[in-house]
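The numbering used here applies: residue 5 is where the sequence shown begins, and numbers increase by one.
Every residue gets a Cβ at the ideal spot worked out from N, C-alpha and C, and that includes glycine.
Predicted model, so just to flag it, every value in this text is computed and none were measured.
Presented below is the structure to which this report refers.
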Amino acid sequence: MRNFNDKINLIWQIAESLRNVYKPEKYGDVILPMCVIRRFDSIVSKDHRETLEKYNELKEMGLDEETLESLLIAHLDRSYYNISNFTFESLINDSENITANFKEYINGFSSNVKDIISHFGFLVEIDKLDKHNALYNIVKEFEKVDFHPESVSNQEMGYIFEELIRRFKENAEAGDHYTPREVIELCMEMLFQDMEEFIKTPGKIVSIADFCAGTGGMLSTAEKKIHDLNPTAIINLYGQELNDESYAICKADMLIKGQDPENIVFGNTLTEDGHGGKNYRLLISNPPFGVQWKNEEKFVKNEFETLGFNGRFGAGVPRVSDGSMLFLLNMISKMYNDENGSRIAIIFNGSPLFTGDAGSGESNIRKWIIENDLLEGLIALPTDMFYNTGIATYIWVLSNRKSEKRKGKIQLVNATSFGSPMRKSLGSKRKEISRDSIKEIKKIYADFSEGEFSKIFDNEDFGYRKVTIERPLKLKFLITPEVIGAITEAPFYQKLDETQKDELISLIDSFDKEKVYMSRDLFLKDLNSKIKDAGLTFIKAAQIKNLISIIGVQDDEAEICKDAKGNIEADTSLRDSESIPLKEDVTEYFNREVLPHVSDAWIDETTLDKIGYEIPFTRHFYKYEELRPFADIMNEIEELEKEIASEIHNIFN
């Protein structure tokens, strides 16, 4: 990149001049909006005089502001302008009136630029800078920075913002803000698989969307890659962003590169569907990792319950602690369902692969995605790739128009070893993926064959039945002091009056303390007989049930308990479950894996339809490493003990 470090160092020097006014973590409140404003100024100042002349000419015609703005934009062939009497160059010629002039300059921008500046909350910072006599120096120093697109391309400007944000936001939450450029490049390779011929069609219209757009880095990279493939392509970029600062930068970038800024929507993607009812050809995103969505819960669940698959979240709702998969469902709802379909590349941490058991929201979402043959592949990235977290991350690749060879299949690519150590760490980012490694990963994925780094599975391989295994209830009964004590502490006992309590304890105490009942039926027969003989009418069926639960103890030698219809009762304390792969016959699995260990067990057939999906990625690439011989370990320990003893001896002597 041309003069990248020079530009960054110059801007950072300007930021350092704010030291007596702002804390370092707050430099961005001034520097980022000033970078945006200066970039606009570098463009509009070139034809400033012409803009003013045309504006005054249109104003004399008595046009309303909306009509005037649209005509001025049409004349300039650019969707933004400034009609104040100032540019950065003229602002620094009047240091005495810098605050008033600068505010007038800001107010002279077209409405779309003023919207961008408002999301920075920059007018408050202008007053603060004025209060500390720092505004003039900031404007003067930024006037020296050339941000015109002829000097700094849109992609280069994105890299500058990326580096500045990294420095200003080093303590940001994991997954927040933006994605390393090489990860974006790899996402693009996955996103464009099997789509290059479609994109290369002359004059092809291609839409790209990112609903966690951040500063627009992914959108800009995708746009450049498409233009490299097809210079005649018409590219439309769309996005949504919740963070004011990131939204402002993204919208400014779209405005400058000639995209429709209205395609970038401000707001919470989960609660405010800024692109409802629309479809996009390519969708890409890096949603926040593991962020709870408690504040959005009511809205999301309402959409899920009332709209189902007519809304975005019909497949399921994950637990509130992690909303990652909601962003994916939102993207899937925006896929084209035509001949060419759509492709998605989204970055997740490991949680969406396996969190949630069968029947949970996460599992149901995976189930729906896989059973509808949408998941094409997963790429495991090296750890320590992101600036604010070192956790494992994965690229999910989805398509609703898989190639013939990929139908019904899911490819796992283990690229965890493809990272190279960086010469200098940037926050938590200690590794990067080289261009050669990106090419190699792309080839591995495109080849679609089994190998050291690639595994291919049928969709069903990731599904399982979560069946409940029951065992019969077998109870023995013996009256002991401990049993009587447990009865006196039971809630039902506490509700009796004092006379009833005494009568109940006397009844239980009347049992032979040496007699062991190995049959519940025999114990019940004696218990009911004693109740009748004593005339204790207050002891109803509910109290008898409570007594049975307290006195009865599980014993494999006892008689099996049956209900009134003769059906075997299950012992809930022995209840277990088995995850049986979908490809396995349930009966064969049960006979092989369960019966040899618990011969009296049976399957609760009502649970046979409880199907879950999980993707145990690391298990499929696990390599066993033989343990060191025990003798070698002990020898090493002995040597260490000798060294420690020697060091201790030296210390005390």
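1. So for glutamine 197, helix, strand or coil by DSSP?
2. In chain order, what residues of the same chain have a beta carbon less than 6 Å from the beta carbon of arginine 446, not counting five sequence neighbours either side?
3. Going by beta carbon distance, what residues of the same chain come within less than 8 Å of asparagine 654, once the five residues before and after it are set aside?
4. The alpha helix (DSSP H) with proline 495 in it runs from where to where?
5. Just to confirm the assignment, what range does the beta strand (DSSP E) spanning leucine 382 have?
6. Sorted by chain position, which residues of the same chain lie with C-beta nearer than 8 Å to isoleucine 615's C-beta, five sequence neighbours on each side aside?
7. Between the alpha carbons of arginine 475 and alanine 605, how many angstroms are there, rounded?
8. Assuming aspartate 150 and serine 49 are in contact, meaning their beta carbons sit under 8 Å apart, how far apart are those beta carbons, in whole angstroms?
9. In the DSSP assignment, the beta strand (DSSP E) including phenylalanine 461 goes from what residue to what residue?
10. State the DSSP-derived secondary structure class of tyrosine 468, mapped to helix, strand or coil.
11. Run through the segment 551-585 for me and flag every whole beta strand (DSSP E) of 3 or more residues, listed as ranges in chain order.
12. Could you tell me which residues DSSP pairs with isoleucine 209 in its beta bridges?
13. Per DSSP, which one or two residues make a beta bridge with leucine 402?
14. Measure the Cβ-Cβ separation of aspartate 608 and threonine 472 and say whether it is below 7 Å.
15. Pull up the distance between the alpha-carbon of aspartate 342 and that of arginine 405, whole angstroms please.
16. Does DSSP classify arginine 434 as helix, strand or coil?
17. From which residue to which residue does the beta strand (DSSP E) around isoleucine 414 run?
18. Within the continuous beta strand (DSSP E) that includes aspartate 608, where are the two ends?
19. Taking the alpha-carbon positions, what's the glutamate 651 to glutamate 642 distance?
20. For a minimum of 4 consecutive residues, which ranges assigned as the alpha helix (DSSP H) are wholly contained in the segment 499-537?
21. Looking at the unbroken alpha helix (DSSP H) that takes in isoleucine 77, where does it start and where does it end?
22. Does DSSP classify aspartate 589 as helix, strand or coil?
23. Per DSSP, which residues does glycine 243 bridge with? Please list them.
24. Express the C-alpha separation of glutamate 629 and asparagine 639 in angstroms, rounding to a whole number.
25. I'd like the span of the alpha helix (DSSP H) that includes isoleucine 41, first residue to last.
26. Roughly how many angstroms lie between the CA atoms of serine 325 and isoleucine 253, to the nearest whole one?
27. Whole angstroms are fine: how far does the CA of lysine 480 sit from the CA of asparagine 595?
28. For the segment 240-247 against the segment 29-43, are there 3 or more C-beta pairs whose distance is under 8 Å?
29. Is the segment 274-284 in contact with the segment 89-105, if contact means three or more CB pairs nearer than 8 Å?
30. How big is the Cα-Cα spacing for serine 453 and aspartate 465?
31. Grouping DSSP H, G and I as helix and E and B as strand, with all else coil, what is phenylalanine 106?
32. Pairing CB atoms from the segment 483-492 with CB atoms from the segment 574-589, are three or more of them under 8 Å?
33. Is it true that the CB of tyrosine 398 sits closer than 7 Å to the CB of alanine 419?
34. Expressed to the nearest angstrom, what Euclidean distance is found between the alpha-carbon atoms of tyrosine 109 and threonine 103?
35. Let me know if serine 328 comes out buried or exposed under the rule of 16 or more other beta-carbons within 10 Å of its beta-carbon.
36. Rounded to whole angstroms, what is the Cα-Cα separation between lysine 517 and alanine 545?
The short version:
1. On the sequence shown, residue 197 is found 193 positions in, with the first residue counted as 1. If DSSP states are grouped into helix, strand and coil, glutamine 197 belongs with coil.
2. Numbered from its first residue, the sequence shown carries residue 446 at position 442. The question names arginine, but residue 446 in the sequence shown is lysine. For lysine 446, where only same-chain residues beyond five positions count, the Cβ hits under 6 Å are Glu193.
3. To locate residue 654, count along the sequence shown from 1; it is residue 650. There are no such residues.
4. As a position in the sequence shown, residue 495 is number 491, starting the count at 1. Here the alpha helix (DSSP H) through proline 495 covers 495-498.
5. Looking up residue 382 in the sequence shown gives position 378. Run containing leucine 382: 379-384, per the beta strand (DSSP E) assignment.
6. Locating residue 615 in the sequence shown gives position 611, counting from the first residue. Answer for isoleucine 615: Ala362, Lys371, Gly467, Tyr468, Arg469, Lys470 and Leu586, listed in chain order.
7. The residue given as residue 475 occupies position 471 in the sequence shown. The residue given as residue 605 occupies position 601 in the sequence shown. Cα to Cα, the separation comes out at about 5 Å.
8. Your numbering for residue 150 matches position 146 in the sequence shown. Your numbering for residue 49 matches position 45 in the sequence shown. About 11 Å; that fails the 8 Å criterion.
9. As a working note, residue 461 is residue 457 in the sequence shown. Segment 458-462, the beta strand (DSSP E) holding phenylalanine 461.
10. The sequence position of residue 468 within the sequence shown is 464, counting from 1. Note: tyrosine 468 maps to strand in three-state DSSP.
11. 580-585
12. Residue numbering aside, residue 209 sits at position 205 when the sequence shown is read from its first letter. The partner list for isoleucine 209 (beta bridge, DSSP) reads Ile238.
13. For this step, residue 402 is matched to residue 398 along the sequence shown. The partner list for leucine 402 (beta bridge, DSSP) reads Ile348 and Leu379.
14. Walking along the sequence shown from the start, residue 608 turns up at place 604. Walking along the sequence shown from the start, residue 472 turns up at place 468. Yes; because the gap between Cβ atoms is below 7 Å, this pair is in contact.
15. The residue given as residue 342 occupies position 338 in the sequence shown. The residue given as residue 405 occupies position 401 in the sequence shown. Approximately 9 Å between the Cα atoms of the pair.
16. Residue 434 sits at position 430 when you count from the first residue of the sequence shown. Strand.
17. Start at 1 with the first residue of the sequence shown, and residue 414 comes out as number 410. Its beta strand (DSSP E) spans residues 413-418.
18. Position 604 of the sequence shown, counted from the first residue, corresponds to residue 608. It spans 606-608 - the beta strand (DSSP E) in which aspartate 608 sits, taken as one unbroken run.
19. Start at 1 with the first residue of the sequence shown, and residue 651 comes out as number 647. Start at 1 with the first residue of the sequence shown, and residue 642 comes out as number 638. Going by the C-alpha atoms only, they are around 14 Å apart.
20. 502-513
21. Locating residue 77 in the sequence shown gives position 73, where the first residue counts as 1. Residues 69-80.
22. Along the sequence shown, read from residue 1 onward, the residue named residue 589 stands at position 585. Here aspartate 589 sits in coil by DSSP.
23. Residue 243 sits at position 239 when you count from the first residue of the sequence shown. DSSP, once it has assigned bridges, lists Asp214 and Ile268 as partnering glycine 243.
24. As a first step, residue 639 must be located in the sequence shown, where it is residue number 635. As a first step, residue 629 must be located in the sequence shown, where it is residue number 625. Approximately 21 Å between the Cα atoms of the pair.
25. By 1-based counting over the sequence shown, the position of residue 41 is 37. Here the alpha helix (DSSP H) through isoleucine 41 covers 32-48.
26. As a working mapping, residue 325 is identified with position 321 in the sequence shown. As a working mapping, residue 253 is identified with position 249 in the sequence shown. Spanning the two alpha carbons is a distance of roughly 29 Å.
27. What you label residue 595 is simply residue 591 of the sequence shown in a count that begins at 1. What you label residue 480 is simply residue 476 of the sequence shown in a count that begins at 1. Those two C-alpha atoms are separated by around 29 Å.
28. The segment 240-247 is not in contact with the segment 29-43.
29. no
30. The residue labelled residue 453 in the question sits at position 449 within the sequence shown. The residue labelled residue 465 in the question sits at position 461 within the sequence shown. About 17 Å.
31. Looking up residue 106 in the sequence shown gives position 102. Helix at phenylalanine 106.
32. no
33. Stepping through the sequence shown from its first residue, residue 419 is reached at position 415. Stepping through the sequence shown from its first residue, residue 398 is reached at position 394. Contact: no.
34. Looking up residue 109 in the sequence shown gives position 105. Looking up residue 103 in the sequence shown gives position 99. Rounded to whole angstroms, tyrosine 109 and threonine 103 show a C-alpha spacing of 10 Å.
35. Mapped onto the sequence shown, residue 328 falls at position 324. With 16 or more other Cβ atoms within 10 Å, it is buried.
36. What you label residue 517 is simply residue 513 of the sequence shown in a count that begins at 1. What you label residue 545 is simply residue 541 of the sequence shown in a count that begins at 1. The straight-line gap from Cα to Cα measures roughly 24 Å.
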